[in-house]
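The block underneath contains the structure these notes are about, expressed in structure tokens.
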Amino acid sequence: MKAQAVLAFFFTLIPSLCGPQDASFSHVSMNEQIVTGRLGEDVILPCSFESGPNVVIHWKNQDTNVYSYYRDSDQLEKQDPRYVNRISLFHGEIHNGNASLSFRRLTLQDEGIYVCYVGTSLGKITKKIVLKVGAFVTPVMKYEKNTTNSFLICNVLSVFPYPIITWKVDNNTSISENNGKEVGSLGPFHINSRVNITGSNSSYQCEIENPLLKQTWTGRWTRKDVLHKMQSENVLLSCKPENSFFPPNQDFTVTWYRVESGSALLLAYFKNSSQETLINQPRLSWKEELINSRDFSLTVKDLHLSDSGEYLCDISSNESTLLTSQTLHVEASPRAPAGIIVPVLVAVVSAVLLLSVAPRAVRSKRCIGFHRERHPPTNQDSSSAGTTEENVMQTEAYSSPPPKNQNKTLLPLILKWLF
């Protein structure tokens, strides 16, 4: 009833604004059109008419004055304050029959039914525009773990109206999730949808759909087989998207993380649109020929024991996210640890030298005893002489070569055992 009263008011207002009109041109048409806009963006509410002299344009939202134009100029004295500096007509197109309204920086409060009334000396028309406002900030899929549990989270910072959320396991079985929404009951909504995947090796998929904007986003998580490598070896961590998941002409980013309890360490980053590459550690590398074939597997060189852990590859675009998780176990080399090689080597060399000296000392003692039996000392001089002879024989004993092949193979055998 209010809308009819407003229209009746418009019809009685026209003669006073535009002058006498021929009754044969007095025709009213009420065409409804739905226009969908995005929160924070601009939109145009269309309204066209048959051009003629003495143009009068009124835009209304129920009883609210949105915009008025007559006598060849804007008449905004009674305009509602929420529309100030946010809407305008296309003034250069008015006399060509264009009364469309341009909306800037849409808000959810702008939703509603707008009526466009245009009158000229030739007639008048009325059109109804239903404006709907939607929001859909690109969601993200996150993988988090603590000391006991692992979770997948689909997060949307801003969405309106409330979306349809679907979780699947191995692409077929739907599962329930724990949803949380914030920022009031009127929207836009901030949503966290979470599932517990502790101990699971299945693949998971999260789908978020905004029916109003006809937009759907998909997130997928998969776990690769555990890798076992030896210390000092190299390893290739796999990450290759499916063409069906990421079309060749779609912009995306690739990010590698080291996942730890409660945190994620950034390792490498690649941006498809600019070919920008960032690598945070010198032992990490990407092969250019693999990147050109859309293979973003990461090479880790000269593995350390501390490299053991879980690694995550995140490939994201405006329409989807693909997470690939892989666990790496680095095992100690069977060789002796470097910290004990030097002390053991010193001990081995000392033992070999000791073994080579001991037989000479035994032979020296035998020679000295034999000499004393055959030449007992008679006086001080002879005693001194005997001592001299003993020294000579002892020196010869110590300087005599060791028996052939003695201890020759001992050191190589021990070194072979060590290394």
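The sequence shown begins at 88 in the working numbering and counts up by one. Glycine included, every Cβ here is placed at the ideal spot set by N, Cα and C. Note that the coordinates shown come from a computational prediction; the quantities given were computed from them, not determined experimentally.
Spatial neighbours of E418 in its chain, beta-carbon cut-off 6 Å, leaving aside the 5 residues before and after: Start at 1 with the first residue of the sequence shown, and residue 418 comes out as number 331. Taking C-beta separations shorter than 6 Å and ignoring five residues to either side along the sequence, the partners of E418 in its chain run M317, following chain order.
Three-state secondary structure assigned by DSSP to Y249: Within the sequence shown, residue 249 is the residue found at index 162, counting from 1. In this structure, Y249 counts as coil in the three-state DSSP scheme.
Cβ neighbour criterion (16 or more within 10 Å) applied to R169: Sequence index remark: in the sequence shown, residue 169 carries index 82 (1-based). The residue in question, R169, is exposed, as its Cβ has fewer than 16 Cβ neighbours within 10 Å.
T225 beta carbon less than 7 Å from that of N405: Position 318 of the sequence shown, counting from 1, holds the residue named residue 405. Position 138 of the sequence shown, counting from 1, holds the residue named residue 225. Contact check for N405 against T225 passes: the beta carbons are separated by less than 7 Å.
contact_flag[the segment 369-378, the segment 308-315] where n(CB pairs < 8 Å) is 3 or more: Between the segment 369-378 and the segment 308-315 there are fewer than three C-beta pairs closer than 8 Å, too few to call the two in contact.
Residues that DSSP places opposite R381 in a beta bridge: Here residue 381 refers to the residue found at position 294 of the sequence shown. According to DSSP, which records beta bridges pairwise, R381 is partnered with nothing at all.
Whether Y230 touches L410 by CB criterion (7 Å): Within the sequence shown, residue 230 is the residue found at index 143, counting from 1. Within the sequence shown, residue 410 is the residue found at index 323, counting from 1. Taking 7 Å as the Cβ cut-off, Y230 and L410 qualify as a contacting pair.
T147 vs V202 beta-carbon contact at 7 Å: Taking the sequence shown and counting its residues from 1, one reaches residue 147 at position 60. Taking the sequence shown and counting its residues from 1, one reaches residue 202 at position 115. What sits at residue 147 in the sequence shown is Lys, not Thr. A Cβ-Cβ contact shorter than 7 Å links K147 with V202.
Those residues which DSSP pairs with G139 across a bridge: Residue mapping note: residue 139 aligns to position 52 of the sequence shown, counting from 1. Note: G139 sits in no beta bridge, so no partner.
For R192 and H178, the rounded distance between their alpha carbons: Position 91 of the sequence shown, counted from the first residue, corresponds to residue 178. Position 105 of the sequence shown, counted from the first residue, corresponds to residue 192. Approximately 20 Å between the Cα atoms of the pair.
Cβ-based neighbour list, S138, same chain, cut-off 8 Å, excluding 5 preceding and 5 following: The sequence position of residue 138 within the sequence shown is 51, counting from 1. These residues qualify, in order along the chain: H182, N183, G184, T207.
Beta-carbon proximity list for P133, same chain, < 6 Å, skipping 5 on both sides: Taking the first residue of the sequence shown as 1, we reach residue 133 at position 46. Answer for P133: S187, listed in chain order.
Buried or exposed (CB count within 10 angstroms, at least 16 for buried), I131: Indexing the sequence shown from 1 puts residue 131 at position 44. By the 10 Å Cβ count, I131 comes out exposed.
Element boundaries [beta strand (DSSP E), containing F190]: Counting from 1 along the sequence shown, the entry for residue 190 is found at position 103. F190 -> beta strand (DSSP E) spans 188-190.
Cβ neighbour criterion (16 or more within 10 Å) applied to K214: Against the sequence shown, residue 214 aligns to sequence position 127. So K214 counts as buried.
When N233, P275, I366 are compared against N283, the one with the closest alpha-carbon: Numbered from its first residue, the sequence shown carries residue 283 at position 196. Ranked by Cα distance from N283, the first of N233, P275, I366 is N233.
Cutoff 7 Å; reference G349; Cβ partners in own chain excluding five residues on either side: Position 262 of the sequence shown holds residue 349. Taken in chain order, the residues that qualify are N233.
Beta-bridge partners of L218, as assigned by DSSP: Here residue 218 is taken as the residue at index 131 of the sequence shown, counted from 1. Listed as beta-bridge partners of L218 by DSSP are V122, G199.
Reduced DSSP secondary structure (H/G/I, E/B, other) of R169: Against the sequence shown, residue 169 aligns to sequence position 82. Reduced to three states, the DSSP call for R169 is helix.
Residues of its chain near Y386, where Cβ-Cβ distance is below 8 Å and the 5 sequence neighbours each way are ignored: In the sequence shown, residue 386 corresponds to position 299, counting from 1. The sequence shown places Thr at residue 386, rather than the Tyr named in the question. Excluding sequence neighbours, T386 sits near N321, V322, L323, L324, L371, S372, W373, K374.
Collapsed DSSP secondary structure at S393 in the structure displayed: Within the sequence shown, the letter at position 306 stands for residue 393. Correct three-state label for S393: helix.
Buried versus exposed call for E397 [16 or more other C-beta atoms within 10 Å across all chains shown]: By 1-based counting over the sequence shown, the position of residue 397 is 310. When all chains shown are included, E397 counts as buried.
N- and C-terminal bounds of the beta strand (DSSP E) containing E347: The residue given as residue 347 occupies position 260 in the sequence shown. From DSSP, the beta strand (DSSP E) with E347 extends over 340-347.
Endpoints, beta strand (DSSP E) assigned at T414: What you label residue 414 is simply residue 327 of the sequence shown in a count that begins at 1. First-last of the beta strand (DSSP E) with T414: 407-418.
Distance between Q302 and S361 (C-alpha atoms, nearest Å): Working through the sequence shown from its first residue, we reach residue 361 at position 274. Working through the sequence shown from its first residue, we reach residue 302 at position 215. Spanning the alpha carbons of S361 and Q302 requires a straight line of approximately 26 Å.
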